[in-house]
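One structure below.
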Amino acid sequence: MLFAMLSAFVLFACQPKGQTSDKPEFVEFTEGLTREDTMAVKGLVTTFMTYVQDEKYGDAAAMLYKADAENAWNEPLQLDNDELQNVSKMLQMLTVKKFEIAGLTFQSAINNEVVCHIVSRESSADSPAIVRKFYFKPMNYLGGWRLCLKDSSHGDNR
């Protein structure tokens, strides 16, 4: 027993200090993800989009967070009242006949993307379907996923 403890101490004590991993941060993060993480993020997006589809704009907006760029831990913050109202107004302009999660990309706890295709008008003999892309930025904070919107015209919403 003493030999095993001493061997472990020597092994850790002989590790070079300040050595960084050869793996990029996103590889280390994504290796730790599980099926439950994917399902949690898909569940958040599905709930959000269902609220929008059912015209429950306030409920959808209340699900959203924003990244706090000034916080060293990148803690996602809930939207304030003005932001909630602005998002609700934006969502009211969005017609959702149906939606589909078209892609999930995980890179780090704070840099991820979900692309959702939204059908505003289905195709008919006279006109093509209207399909828009909607981007989310899920963030993992303290083991739980928070849903942020991603501003596709500026890279993200930070």
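Residue numbering for the sequence shown follows this note's numbering, beginning at 528 and increasing consecutively.
All residues carry an ideal CB built from backbone N, CA and C; glycine is no exception.
Alpha-carbon to alpha-carbon, residue j and residue i
| i | j | result |
| --- | --- | --- |
| L674 | S650 | 30 Å |
| V579 | W600 | 30 Å |
| L676 | Q605 | 12 Å |
| N667 | T573 | 17 Å |
| L618 | K625 | 14 Å |
| V568 | E627 | 13 Å |
| D595 | R648 | 36 Å |
| D607 | R562 | 32 Å |
| P665 | T622 | 23 Å |
| G671 | Y662 | 19 Å |
| L589 | E582 | Checking the sequence, you will find Ala at residue 589 rather than Leu. Each residue's Cα considered, the two are about 13 Å apart. |
| Q480 | N598 | For residue 480 there is no data in the structure shown, the boundaries of the chain being 528 and 685. |
| P603 | E610 | 14 Å |
| L669 | G585 | 26 Å |
| K616 | K593 | 17 Å |
Limits of the unbroken alpha helix (DSSP H) element including residue i
| i | result |
| --- | --- |
| A589 | 584-589 |
| E563 | 562-580 |
Cβ neighbour criterion (16 or more within 10 Å) applied to residue i
| i | result |
| --- | --- |
| A636 | buried |
| A587 | buried |
| K660 | exposed |
| P655 | exposed |
| M620 | exposed |
| M576 | buried |
| S548 | Note that S548 has pLDDT 46, beneath the 50 cutoff, so the model's placement of it is unreliable and the number below is only indicative. Label assigned to S548: exposed. |
| K550 | Any answer about K550 is weak, because its pLDDT of 48 lies below 50 and its placement is not dependable; what the coordinates show is given next. Under this definition K550 is an exposed residue. |
| N639 | buried |
Residue i vs residue j beta-carbon contact at 8 Å
| i | j | result |
| --- | --- | --- |
| L560 | F633 | yes |
| V641 | V658 | no |
| C643 | A629 | yes |
| V614 | L591 | yes |
Beta strand (DSSP E) segment containing residue i, residue limits
| i | result |
| --- | --- |
| L604 | 603-605 |
(message) If we require 3 or more residues per run, which beta strand (DSSP E) segments fall completely within the region 611-674?
(response) 625-633, 639-648, 657-668
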